[in-house]
Structures are given as C-alpha cells and as structure tokens.
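Mapping of the sequence shown onto numbering that gives the first Met the number 0: residues 0 to 129, in sequence order.
Don't be surprised by glycine CBs; every beta carbon is placed ideally from N, CA and C.
Bear in mind that the values here come from a model prediction, so they are computed numbers and not experimental data.
Working notes, beginning with the structure itself.
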Amino acid sequence: MTAMTLALAGTLSTLLALILLQQASARRQRRQRQQALQHALVHSLELLQRLQKHRGLGGQNSSDARNQCRNLALELDSLWRSLPRAAGELTELQPAWQALQQHAGDFDGHCRLIERLLTLIQLFELRLSG
C-alpha cells in the first residue's frame, strides 16, 4: 500500500467513526425526547384524573366532599408547580385552574379546562407517535 492509500483508509475510518457517533447521539436524543414526552403525557393524565374528581366534588355540600375537594386542590397545585419541561404548554392552563380553586362548584369551568387539557394530551400523543 502506498502512503496515499493508507492516508485515505485512515480518513475513511475516522469519517465512519464520526458517522456512527453522530447516529448514536441522534438515537439517544430521540430516546430522551420520547421519554420527556411520555413524562409530560403521564403528568397531564394525572392532572386530568384529579380535575375530573375535583369537578365531581365541587358541587357537593357535605363536609367530607369539601375536605376531599380541598385535598385534591392541594394535589393539583403540586402537579401544576411540578410541570415537566416537555409539558410547557400546560402553563397556559394554570390561570383557569387558579380561578376554579376559588369556585370549586363551577362545573362548566371545569369542563372547559378539561377540554383544553384533553387537547394538549392529544398534542403530546401526536408528538410521541411522530
């Protein structure tokens, strides 16, 4: 082999190694993005579940229902404060939640917030599949 052939072989092997490293990095980034979206989706579903319970308890007048409603509100507050980075769109819904805290019996307000949340859940699902 000539010096030129050896140099070319060395360059090609270096190029191949760089391509393989780039592909591995891209796969790792894709996997991390997918995991972040899955976390956002699970977090959104937890919000949805608790909002639905809060909606159901909000119109009840028993002391037990009011206590459960307050406890759910605390759980929801914690969920709103700990939004995953991939779920940034959920911050747009926080003012609606804050208003509902003051008016737990607002069934229509709960329904509107739940509809908006369902739209974002659908968006996260689309991102996961794409």
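- If you ignore the 5 residues before and after Glu124, its C-beta comes within less than 8 Å of the C-beta of Leu40, all in its own chain and listed in chain order.
- Note that the C-beta distance between Ile120 and Ser43 is below 9 Å.
- The DSSP-derived three-state label of Pro94 is helix.
- Excluding sequence positions up to five before and after Thr90, its CB lies within less than 7 Å of the CB of Leu82, all in the same chain and listed in chain order.
- For Ala86, the number of other beta carbons within 10 angstroms of its own is at least 16, and it is reported as buried.
- With respect to Leu15, Arg49 sits apart: the two C-beta atoms are not nearer than 9 Å.
- With a cutoff of 9 Å on beta-carbon distance, Ala95 and Leu73 are scored as not near each other.
- Taken through DSSP and simplified to helix, strand or coil, His109 comes out as helix.
- Taking Arg80 as reference, the option from Arg65, Cys68, Gln97 with the minimal CA-CA separation is Gln97.
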